[in-house]
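Participant:
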Amino acid sequence: MRFIKILISVTISFPMSCTPSFITTIDPEDPSNKYYIGRADTENFQENIKKILLDFDYHIEEYDNGPISSYIFTHWKVREPYPNEIDAGFEDAKTRLIINGMIDNASFTRNNGFSYECFLVVENYLFDGKDYVQYYEDGLLKEEVLTMVNSFTNLLGNDG
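Under our numbering, think of the first position of the sequence shown as 91, with each following residue one higher.
(1) Determine the direct distance from the alpha carbon of Glu181 to that of Ile193, and round the result to whole angstroms.
(2) Among residues of its own chain, excluding the 5 on either side of Asp218, which ones have a beta-carbon nearer than 8 Å to its beta-carbon?
(3) Pick from Arg186, Ile158, Asp145: whose alpha carbon is nearest that of Tyr225?
(4) Please go through the same chain and pick out, in chain order, the residues whose beta-carbon is closer than 6 Å to the beta-carbon of Ile116, but skip the five residues on each side of it.
(5) Is the closest heavy atom of the ligand GTP to the C-beta of Asn138 under 8 Å?
(6) Considering Cα atoms alone, identify which of Ser197, Asp228, Ile127 is closest to Leu216.
(7) For chain B, check one thing: does any of its Cβ atoms lie closer than 9 Å to the Cβ of Val211?
What follows is the structure in structure tokens.
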């Protein structure tokens, strides 16, 4: 009976301790808003990513470092809707980027820290007159994101 109580306690407390400190509306089944951008090491993770973000007029709002990954959140970039978004009836647009650097524990070195497998997550919301809704269908948005992904992968590469 004691084993069952311990198992229940571990089962309940474990997921809570591994939950990220942020909550977001990323749909893991929808690959259209998540992109692999390469490997970075501890030294270049923040600086190289900051450089690319600024090139695209995104500004960092927050860094969040956890035991298994690090995150960089940008401020919301408010913009005019693209022509196709206007044609679809949207009045306003805002986009935010999240960089997720997942730590590769096998990569630790004493002088250089860890390597990160880096992913870009795009959150794009359009105002339909009543609410902001997620929208990823516009070709111009996809083009801008793919240009940004190419910039990240050219700078970070695949080997950190």
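Where a beta carbon is used, it is the ideal one built from N, C-alpha and C, also for glycine.
Facilitator: Let me lay it out:
(1) Their Cα atoms are separated by approximately 39 Å.
(2) Cβ neighbours of Asp218 beyond the five flanking positions: Gly179, Phe180, Glu181.
(3) Out of Arg186, Ile158, Asp145, Arg186 has the C-alpha closest to the C-alpha of Tyr225.
(4) Confidence is the limiting factor: at Ile116 the pLDDT is only 39, short of 50, which leaves the residue's position unreliable and the question unanswerable from this model.
(5) With respect to the ligand GTP, the structure shown offers nothing to examine, as it has no ligands at all.
(6) Comparing C-alpha distances from Leu216 to each of Ser197, Asp228, Ile127 shows the shortest one belongs to Asp228.
(7) Here chain B cannot be found, since the structure has a single protein chain.
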